[in-house]
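Trainee: With the sequence shown counted from 1, adding 15 to any position gets you this note's numbering. Think of the CB as a built atom: it goes at the ideal place given N, C-alpha and C, for glycine as much as any other residue. These figures come from a predicted structure and were not determined experimentally.
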Amino acid sequence: MTRPSAIAKATDAGFDVRRVRDDFPALHQEVHGKPLVYLDSAATTLKPRVVIDAVADVYARDCANIHRAVHLLSQRATARFEDAREKVRAFLNANDTNEVIFTRGTTESVNLVAQSWARTFLREGDEVLITELEHHSNIVPWQIVCQQVGAELVVVPMTDRGEITREAFEEQLSPRTRLVAMAHVSNALGTVLPVEPLIGLAHEQGAVVLLDGAQAVSHVPVDVQALDCDFYAFSGHKLYGPTGIGVLYGRERLLEGMPPYQGGGDMIRSVTFAETIYNDLPYKFEAGTPDIAGAIGLGAAIDYLRSFDQEAVHAHENAVLRYATKAFGSVDGLRLIGTAPGKVASVSFLMDAAHPHDIGTIVDSEGVAIRTGHHCAQPVMEHFGIAATARASLGMYNTTEDVDALVRALQKVKELFG
Ligand code: C6P
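1) If you drop the 5 nearest sequence neighbours on each side, which residues of the same chain put their C-beta closer than 7 Å to that of Gly433?
2) Nearest CA to the CA of Glu219: which residue from Val200, Leu254, Val359 and Leu194?
3) Val232 by DSSP, collapsed to three states: which one?
4) Given this structure, state the Cα-to-Cα distance separating His398 from Leu216, to the nearest angstrom.
5) Just grab the DSSP bridge partners of Met197 for me.
6) Rounding to the nearest angstrom, what Cα-Cα distance links Thr414 and Ser345 in this structure?
7) In angstroms, rounded to a whole number, what distance separates the CA positions of Ala392 and Leu54?
8) Leu421 and Val46: beta carbons closer than 8 Å?
9) Report the partner residues of Ile116 according to the DSSP bridge assignment.
10) Write down the C-beta distance between Val359 and Glu332 rounded to the nearest angstrom, noting that I regard them as a contact closer than 8 Å.
11) Would a C-beta distance cut-off of 8 Å place Val66 and Gly353 closer than the cut-off?
12) Hey, is Val56 close to the ligand C6P, as in C-beta under 7 Å from one of its heavy atoms?
13) According to the Cβ coordinates, are Met197 and Val207 closer than 8 Å?
14) Going by DSSP in three states, Thr376 sits in which element: helix, strand or coil?
15) Would you call the stretch 263-280 and the stretch 295-302 touching, i.e. three or more CB-CB distances under 8 Å?
16) For the ligand C6P, is there a heavy atom less than 7 Å away from the beta-carbon of Gly120?
17) If you reduce the DSSP assignment to three classes, tell me which class Pro50 lands in.
18) With H, G and I counted as helix, E and B as strand and the rest as coil, what does DSSP make of Leu168?
19) Applying the criterion that 16 or more other CB atoms from any shown protein chain within 10 Å of the CB defines a buried residue, is Val286 buried or exposed?
20) Short of 7 Å in beta carbon distance, which residues of its chain neighbour Gly259, apart from the five on each side in sequence? Order them along the chain.
21) Quick one: give me the first and last residue of the alpha helix (DSSP H) that Gly312 is part of.
22) Exposed or buried, Gly278, counting other C-beta atoms within 10 Å across all chains shown (16 or more means buried)?
23) Compute the Euclidean distance between the alpha carbons of Pro274 and Ser131, then round it to the nearest angstrom.
24) Would you report the Cα separation of Ser56 and His329, rounded to the nearest angstrom?
25) Using the Cβ count rule (16 or more neighbours within 10 Å means buried), how would you classify Glu147?
26) Taking the beta strand (DSSP E) that Tyr293 falls in, what are its first and last residues?
27) For Cys391, verify whether its CB is less than 7 Å away from any heavy atom of the ligand C6P.
28) Do the stretch 147-161 and the stretch 379-386 make contact, defined as three or more Cβ pairs closer than 8 Å?
29) Taking just the CA atoms, how far does Val362 sit from Arg406?
30) Thinking Leu204 and Ala355 are a contact (beta carbons under 8 Å), I'd like their distance in whole angstroms, please.
31) CA-CA distance, Pro236 and Pro172?
32) Along the chain, where does the alpha helix (DSSP H) that runs through Leu421 open and close?
33) Going by DSSP, which residues form a beta bridge with Tyr412?
34) Could you check how far apart the C-beta atoms of Glu142 and Glu167 are, in whole angstroms? I think they sit under 8 Å.
35) Terminal residues of the continuous beta strand (DSSP E) containing Tyr247?
36) Let me check one thing: in DSSP terms, what residues is Asp55 bridge-paired to?
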């Protein structure tokens, strides 16, 4: 089969996907006797060898707790951990490393803001504005805090293409809106939200804005100063880094005024039974021993990603996405869910012939890994009157051959289910 010119163009632009694939050991295996085709990067990305090696090296060489001991191993581990924080700062273009808090992932980052900022500063009658396409991680923490303080959760509806429009947003925004929490990119649909104008509108009303960047960090440029967001949450494992590590970026002025999220070691300067003085930023929000190897692995993932021209990576992914969207059109009875212009990385779909779970099982037997279900975005499913979709999602290592393999597997679904 002739390969589409888009891939050649992406390669010409300085991105060699064949070389990239060599860096990901998990790609070079068979499942059910077939070569693995991994199309589930929205759930978690595969890890390049440099990340796996960085994590292994921490445990093999610099296995020590951080910020605590004077011995050399602890000093080395501390330096590597703080170096990783600086890499995250540079990646997000945050002003200062004080604004980079290590968490367990996006979920914990959102909960931190909900339980520290929102629980402290929201009052009865205040509103938290979210959108209809949010992941449960950016819904439930706000429901919890709204119940705790008597605030109201307000939802911006999306269009049938899966878009959040400025008009719909403005209609729900009000002087009572104290916080806007929205995805930068939707996990179930791949929609990229027009966050910059929406952040501007929110700020005009005096609201604080949190972006859930879980699905954005590996697919669109992120510059927290240019975005002018107040908080930005993401997970390392969706950025080619390890699981168990994530980040909350927060504007220093806001973080300074927030109480700690959890109490414990490292987040204090001094403790007596009468009084505890909290540590400075960012440690005030990092109680207990963190995922040291995870943070260092995330730093390695950022180094890896930044060794490529980011525009070329995104152009390559977009070319594969366009190819997939077109190729799916050739599958009889396949319906795309989420067709927002400019979407990235994920294609959700249904087939007349089979339930998404059957689709997932059959394509898996052909070696193709996709995700099926509600993708932790049940309100999105409700909008479309469905219970689940099948979702193919891309990473930097995917090719049009991967899409072809999925399309062949979908033809098998058709043969089996009619
Ligand atoms: N979405 C998916 O398959 P954690 O679990 O904390 O790393 O990330 C949660 C999360 C928050 N927001 C968005 C937009 C997300 O996509 C996710 C994780 C995965 O779509 C697992 S449900």
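Mentor: Reading off the structure:
1) If we look at Gly433 and ignore the five residues flanking it on each side, its Cβ neighbours are Ala368.
2) Looking at the Cα atoms, Leu194 is the closest of the given residues.
3) Reduced to three states, the DSSP call for Val232 is coil.
4) Rounded to the nearest angstrom, the two C-alpha atoms are 25 Å apart.
5) Leu226
6) 18 Å
7) Computed Cα separation, rounded: 19 Å.
8) no
9) Leu263
10) About 7 Å separates the two Cβ atoms, so the contact holds.
11) no
12) Looking at the sequence itself, residue 56 is Ser, so the reference to Val does not match. Because no heavy atom of the ligand C6P lies under 7 Å away, the Cβ of Ser56 does not count as near it: no.
13) no
14) Here Thr376 sits in helix by DSSP.
15) yes
16) yes
17) strand
18) Strand.
19) exposed
20) Arg119, Asp306 and Gly309
21) Ile307 to Arg321
22) exposed
23) 6 Å
24) 14 Å
25) It counts as buried.
26) Thr291 to Tyr293
27) yes
28) By the Cβ rule, the stretch 147-161 does not count as touching the stretch 379-386, because fewer than three pairs are nearer than 8 Å.
29) 6 Å
30) With a beta-carbon spacing of about 7 Å, Leu204 and Ala355 fall inside the 8 Å limit used to define contacts.
31) Between the alpha carbons of Pro236 and Pro172 lies a gap of roughly 26 Å.
32) Thr415 to Phe432
33) According to DSSP, Tyr412 bridges with nothing at all.
34) 5 Å
35) Run containing Tyr247: Phe246 to Ser250, per the beta strand (DSSP E) assignment.
36) Beta bridge pairing from DSSP links Asp55 with Ser408.
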